[in-house]
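Peer 1: Below is one structure. I have some questions about it.
6 protein chains.
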Amino acid sequence: MKIVLKIGGSLLYRDDSVVLNDELIKQYVNIIKSLSQQSHQLIIVTGGGKLARQLIKVGIELKVNHTFQDVLGVEASRIHAMLFIGALSDIAYRDVPRSFNEVRTAISSDKIIVLGGLQPGQSTNAVASLIAEFWDADLIVNLSDVDKVYDKDPDKHPDAKAYDKLSIDDFYNIIVKQEESPGRYPLYDRVGAEILKRSRLKIVFLNGRKPENIEKAIKGENVGTIVC
Amino acid sequence: MKIVLKIGGSLLYRDDSVVLNDELIKQYVNIIKSLSQQSHQLIIVTGGGKLARQLIKVGIELKVNHTFQDVLGVEASRIHAMLFIGALSDIAYRDVPRSFNEVRTAISSDKIIVLGGLQPGQSTNAVASLIAEFWDADLIVNLSDVDKVYDKDPDKHPDAKAYDKLSIDDFYNIIVKQEESPGRYPLYDRVGAEILKRSRLKIVFLNGRKPENIEKAIKGENVGTIVC
Amino acid sequence: MKIVLKIGGSLLYRDDSVVLNDELIKQYVNIIKSLSQQSHQLIIVTGGGKLARQLIKVGIELKVNHTFQDVLGVEASRIHAMLFIGALSDIAYRDVPRSFNEVRTAISSDKIIVLGGLQPGQSTNAVASLIAEFWDADLIVNLSDVDKVYDKDPDKHPDAKAYDKLSIDDFYNIIVKQEESPGRYPLYDRVGAEILKRSRLKIVFLNGRKPENIEKAIKGENVGTIVC
Amino acid sequence: MKIVLKIGGSLLYRDDSVVLNDELIKQYVNIIKSLSQQSHQLIIVTGGGKLARQLIKVGIELKVNHTFQDVLGVEASRIHAMLFIGALSDIAYRDVPRSFNEVRTAISSDKIIVLGGLQPGQSTNAVASLIAEFWDADLIVNLSDVDKVYDKDPDKHPDAKAYDKLSIDDFYNIIVKQEESPGRYPLYDRVGAEILKRSRLKIVFLNGRKPENIEKAIKGENVGTIVC
Amino acid sequence: MKIVLKIGGSLLYRDDSVVLNDELIKQYVNIIKSLSQQSHQLIIVTGGGKLARQLIKVGIELKVNHTFQDVLGVEASRIHAMLFIGALSDIAYRDVPRSFNEVRTAISSDKIIVLGGLQPGQSTNAVASLIAEFWDADLIVNLSDVDKVYDKDPDKHPDAKAYDKLSIDDFYNIIVKQEESPGRYPLYDRVGAEILKRSRLKIVFLNGRKPENIEKAIKGENVGTIVC
Amino acid sequence: MKIVLKIGGSLLYRDDSVVLNDELIKQYVNIIKSLSQQSHQLIIVTGGGKLARQLIKVGIELKVNHTFQDVLGVEASRIHAMLFIGALSDIAYRDVPRSFNEVRTAISSDKIIVLGGLQPGQSTNAVASLIAEFWDADLIVNLSDVDKVYDKDPDKHPDAKAYDKLSIDDFYNIIVKQEESPGRYPLYDRVGAEILKRSRLKIVFLNGRKPENIEKAIKGENVGTIVC
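See below:
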């Protein structure tokens, strides 16, 4: 099975400080190794998380323009990708592709590719969608801080409804309703969702704090929200 | 003045066939040379036009996936960029940047940069916005088939209202109301418009079939729609 | 068997307009897939065809120099290569190599490589010869509009003699006698033929309008002209 | 004057947390702009600091090998370089060179180049020396946490002697005496010092916490330790 | 004036051994510096000489194929280019372009570019012609072992006629008459001569053992053979 | 077994002239092919030898700076790598990686990688150590002119002691005691030895003039000095 695994940047850090969550990362590494041994093919996309946020904050202090703020976020996400490549050793393509062209070259090897963002003005969710579409992936596994897709923000609305399963069109409409706030992306962004929709890609949303759910979801168990 | 000149792909072709409009292109080349002599700095972004559309059509016949359809459109837009580079000779950066990283390298020269698209999943309008933001451009000149920005599609609505001037926020709302149809982009797409909005970039929309208006617009004459 | 398949650009278009011949392209794609399943190794070289010619014509209008006219032709041939890569999906190396160095990198993967021209001043026939020599290919299959190699232009000379088989030295002498007209190449050009000769490479000339002949020729049937 | 400015990574962070010292960075940016206006030519080399240290620590947890630990440190130093490039805008070469070859290309522009490390197994001090030698720089300005070069570690030895001026040979001998502890580099490392020695490069050591000293040192005032 | 200076590889070596002729090289370096100060723009193309020949000889022993033999020759010519770049320091583009694409990037700087060969199957003469055409050069200065262009090989024919001046068409015919022997190129090769002819480029042939003639030829003195 | 084979540059030349030792090179090629058939994985690092020395000598004549002298040495070592790649044909990665980043890309193929130096200021021994560490190699085989590691220079000290086996720490101390003379490296240099030490890499020192010992050493026979 060809799987794109999107690891949200927030999962890579502990609490509120810029301290990497090495234990969770280690678990992800083991799961990736295990999936690879089951002869799944994998592309991993890592987010920028708190490191991105800190860099952007300092960038704003330095009057860095918006594109460059995005560049800093992209670089942060690549640092996370590099950590995974180091830990995965020989089974990973040993560099972080830095443009769509480099992804194309990397894909021609049989290795696990790990990358962060590709370009300013584009979220790592959009990258995950685009690469899944280009690669004709069977499944995107999206890890974030939340258990399921809700119809509205569950933190603000106690009556928010959680979905076990959603059609892509319904999912797209939920995403569109969410406002894209500048510099920060919601559960999934509109550009990424449009690609899912136009190519009818299958995506599963999981809580990345429960990494044991990744393999379950790949086997078809319903442990988050399935969109297809 | 730092100017990003976006030339819509449809302008580069005659009527309905895939025949390049060499006369109009020649006029653009002369205007670009003239602007350069007035010591304006220029980055040119060319669209994909009918060549893109034909390639995508054949791509669909060949069951090429959506990302790859976009890739074909991007390649078409680059061919157009190459034509301009050939015609501009020594005053142009002599290759078409093919990724944001290559744009960064090219920008460090003092030449006129000409490029097409950068990545699948991204319109050449979004490219123009992004590069204008990155480069801290003073003005984007957007050439297309229409004279002005309208509040709705003037072909369908005889009562559509044309604007001489628009705030970025109002412009953004108009764009959002337009539907983004897959494979084809409206006057400007949402991703490009969001960048305009977040960085308060100034953009002028002109009818590219009246190339004499380009220099007028740069001098501040109101010959299309000014958004700022 | 290591096969270089050269697809003449003229085959990729219908009649006189710049309209791609999607049906024939689809047949080529299927043949390439089938050859790959029979565990042949393949490198495909595509020509520039009518798109190249149109771009060069406009380039001349724009007073683009000769090298740049060649550049435009090379870009056209790469667009065709990209179409094939899109259609071949996972079995193809997913980018078009743009220099001999990039060919070297690509060759180290086990994928089908598809490329167009490499450099101005060099035909795609020369590219096919050079890559065949570098790669120690067993066979070049050259597809063009004509059925066989003739001793003179069969359109002008009704008594032109067609060959089923030719020695490389005789073939070389025929090519040398043909005049290389600027901007356009004959059946094969001298530079390409010299490489065939110096390395005693085997090449088969076939009419690409009868794609069923490709597999026959690879199996050793005499359906065009064999040069070795 | 051709100046290589080495900014030690530790200066870029506040106290003990991984929080960037945006105020000091802002001051450096202003000084660099001012030096550039005085028509000095500049190459900036940034260290990896606490971000490097945190990444390496997590890398060790993940059993990443030593080369890869260095890679993580190099990536951290590049993030810092990117921040400066963003803040310097048009006067900086707009990408971080990632290999010696990329430095060579970048040097051919007239922009300020900002880079971090180049390769695992090599400190950013060695990079500063190497680039100064390659570029025939007139001066290296080395900013760190200490005021001057001492004959031994002043934290451990209250009788450590501070130098206002040192010959390169004496400086080299001091560096050699210091032990190079793995993963961390002393004031300057041996490889970097050897390059200084073999090409008789001039270097000034300053306390980077007093950024006003940079311009003084360039004007020839004795505000740290001059080695030549 | 835009000048392409082609330095034949044989000039770079003494007698029969593989020992570089440092004295002559030093003279060339001084002439290039002087021409640059007179604000001529320069691109230098160096040949492969005896180093190329030795490498190819060993390559043949190792059963390296013809393309790879050419690759070895190209690498040898690049080594010579690198020597010049080192000696020219800041006024030279600091890397050897290794493909036509890299030439395009390099040309966008204002530096002196020095390169060797670009591709197997192509002589450094062809490279000089191609770059002169692409760059719209005013003059190619071709340095070799002979004083002038002769109508036949002067070593074999005592009655060979030397030309002071030749039309491009006559020159082309002389070159065509010469046989291109594999692995070694005559005074100029056919591919290079065709480019001269199609773009009516001006070229001067000089004896490189008398380097004082270079500046004379550029000033218009008749010290070799002028072809235009 | 993952083996890094370091071939000292001096082995590649006969006696005192710059004439390649094609016989010995041919033997190395055969051994590499044979090891590859026994499914060992190989990375080959070649030194610069007499070609490097000659180029550096001429470079000094031309007042080329130290970094550039190193660059010339690196280029020489790459020429040697290219010879091996040509001779190994399909089993080798077909280009010489020129930076650590390019090594990373190359390593993701399953081919034998052959490279020379990577950067000025770094010996090919350091390259061998670094790549062995990055690649988690099982063994480095170091071929030079001497039979074993001695405690001091055996040419100067008749009582020098040869080792069959050495701990890494003892080996490191011997290397440190040797003086690193500028422009030339001893048996192994300190930077390379430090990497061996920090990662406890296993290395065997053999006399490369007796190539039959390579396979013996890999099988565990004691034919030189084992350091681990």
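Residue numbers (my numbering), protein chains in the order written: chain A, 693 to 920; chain B, 693 to 920; chain C, 693 to 920; chain D, 693 to 920; chain E, 693 to 920; chain F, 693 to 920.
Heads up, the beta-carbon is just placed ideally off N, CA and C, and yes, glycines get one too.
1. According to DSSP, is residue 733/F helix, strand or coil?
2. Using a beta-carbon distance below 7 angstroms, is residue 760/E in contact with chain F?
3. Are the C-beta of residue 811/B and some C-beta of chain H separated by less than 7 angstroms?
4. Under a three-way DSSP split, which group does residue 836/C fall into?
5. The segment 720–741 of chain C: which residues have C-beta closer than 8 angstroms to a C-beta of chain F, in chain order?
6. Going along the segment 787–803 of chain D in order, which residues come within less than 8 angstroms of chain E, judged by CB to CB distance?
7. Taking contact to mean 3 or more Cβ pairs, one atom from each stretch, closer than 8 angstroms, check whether the segment 743–756 of chain E and the segment 768–778 of chain F are in contact.
8. Shorter than 7 angstroms from the beta carbon of residue 808/B to some beta carbon of chain C?
9. Do you know whose CA, among 837/D, 841/D, 847/D, lies nearest residue 862/D's CA?
10. If you measure beta-carbon to beta-carbon, which residues of the segment 882–898 of chain D are closer than 8 angstroms to chain F?
11. If the criterion is Cβ atoms closer than 7 angstroms, does the pair residue 918/D and residue 857/D meet it?
12. Please state if the CB of residue 696/A and the CB of residue 832/A are separated by a distance shorter than 7 angstroms.
13. Please return the same chain residues whose Cβ sits closer than 6 angstroms to the Cβ of residue 876/F, not counting the five positions on each side in sequence.
14. Three Cβ pairs or more, each shorter than 8 angstroms: is that satisfied between the segment 699–714 of chain B and the segment 896–907 of chain A?
15. With 16 as the cutoff for other CB atoms within 10 Å, does residue 722/E come out buried or exposed?
16. Does DSSP put residue 757/C in a helix, in a strand, or in coil?
17. Can you round the beta-carbon distance between residue 813/E and residue 738/E to whole angstroms, since I take them to be within the 8 angstroms contact cut?
18. Cβ closer than 7 angstroms: which chain D residues qualify as neighbours of residue 705/E?
19. Which residue or residues does DSSP assign as beta-bridge partners of residue 797/D?
20. Starting from residue 830/A, find everything on chain C with Cβ-Cβ shorter than 7 angstroms and list it in chain order.
21. Using a beta-carbon distance below 7 angstroms, is residue 716/F in contact with chain E?
22. Would you kindly report the start and end of the unbroken alpha helix (DSSP H) that includes residue 905/F?
23. For residue 876/F, which three-state DSSP category applies?
24. Output yes if chain E places a C-beta closer than 7 angstroms to the C-beta of residue 826/C; else output no.
25. On a CA-only basis, which of 755/B, 704/B, 788/B, 890/B is nearest residue 740/B? Give me that one, please.
26. Apply the 10 Å Cβ neighbour rule to residue 789/A and answer buried if 16 or more other Cβ atoms are within range, or exposed otherwise.
27. Kindly say whether residue 697/D, judged by its beta-carbon, lies nearer than 7 angstroms to any beta-carbon of chain A.
28. Just the C-alpha distance for residue 751/A and residue 835/E, rounded to the nearest angstrom, thanks.
29. At the level of alpha carbons, what is the spacing between residue 859/C and residue 726/F?
30. Given that residue 775/E touches chain F, what residues does it touch there, using C-beta distances under 8 angstroms?
31. Report the three-state DSSP secondary structure of residue 716/A (helix, strand or coil).
32. Checking contacts by CB at 7 angstroms: is residue 919/C closer than that to chain E?
33. Helix or strand or just coil, what does DSSP make of residue 722/A?
34. Please report the residue range of the alpha helix (DSSP H) in which residue 888/A lies.
35. When the Cα of residue 763/A is compared with those of 753/B, 826/B, 808/B, 715/B, which residue comes out closest?
36. So who's on the other strand from residue 857/F, going by DSSP bridges?
Peer 2: Answer, in terms of the structure:
1. The answer is strand: DSSP assigns residue 733/F an E or B state.
2. Yes, contact with chain F.
3. Of the protein chains in the structure, A, B, C, D, E and F, none is chain H.
4. Three-state DSSP puts residue 836/C in a strand.
5. Residues of the segment 720–741 of chain C with a C-beta atom less than 8 angstroms from some C-beta of chain F do not occur.
6. Per Cβ criterion, the list reads 793, 796, 797, 799, 800, 801.
7. At 8 angstroms Cβ cutoff, the stretches touch.
8. It does not: the Cβ of residue 808/B has no partner Cβ on chain C nearer than 7 angstroms.
9. Cα-wise, what sits closest to residue 862/D is 841/D.
10. Cβ contacts with chain F: 882, 883, 886, 887, 890, 891.
11. Closer than 7 angstroms, so yes.
12. Yes, the Cβ-Cβ distance between residue 832/A and residue 696/A is below 7 angstroms.
13. With a pLDDT of 46 at residue 876/F, under the threshold of 50, the predicted position of this residue should be treated as unreliable, and no value is reported.
14. Too few Cβ pairs lie closer than 8 angstroms, so no.
15. Exposed: under 16 other Cβ atoms inside 10 Å.
16. Under the three-state reduction of DSSP, residue 757/C is assigned to coil, being neither helix nor strand.
17. That belief does not hold up - the Cβ atoms of residue 813/E and residue 738/E are roughly 18 angstroms apart, past 8 angstroms.
18. What residue 705/E touches in chain D: nothing, since even the nearest Cβ is about 26 angstroms away.
19. None; residue 797/D has no bridge partner.
20. For the C-beta of residue 830/A, not a single chain C residue is nearer than 7 angstroms; the gap to the nearest is close to 13 angstroms.
21. For residue 716/F, the answer is no, since every Cβ of chain E falls outside 7 angstroms of its Cβ.
22. Taken as a continuous stretch (DSSP letters only), the alpha helix (DSSP H) holding residue 905/F covers 904–911.
23. Residue confidence is low: residue 876/F scores 46 on pLDDT, short of 50, so the model does not pin down where it sits. No coordinate-derived value is stated.
24. With respect to chain E, the C-beta atom of residue 826/C has a partner C-beta closer than 7 angstroms.
25. Cα-wise, what sits closest to residue 740/B is 704/B.
26. Taking all protein chains in view, the Cβ of residue 789/A is crowded by 16 or more other Cβ atoms within 10 Å, so the residue is classified as buried.
27. By this cut-off, residue 697/D is not an interface position.
28. Rounded to the nearest angstrom, the two C-alpha atoms are 54 angstroms apart.
29. Residue 859/C and residue 726/F have their C-alpha atoms some 37 angstroms from each other.
30. Listed along chain F, the residues sitting closer than 8 angstroms to residue 775/E by beta-carbon distance are 747, 750, 751, 754, 756, 764.
31. Residue state, collapsed to three classes: helix.
32. Closer than 7 angstroms: no.
33. DSSP places residue 722/A in helix when its eight states are reduced to three.
34. That run of the alpha helix (DSSP H) goes 882–891.
35. For the set 753/B, 826/B, 808/B, 715/B, the Cα lying nearest the Cα of residue 763/A is the one of 826/B.
36. Its beta-bridge partners are 918/F.
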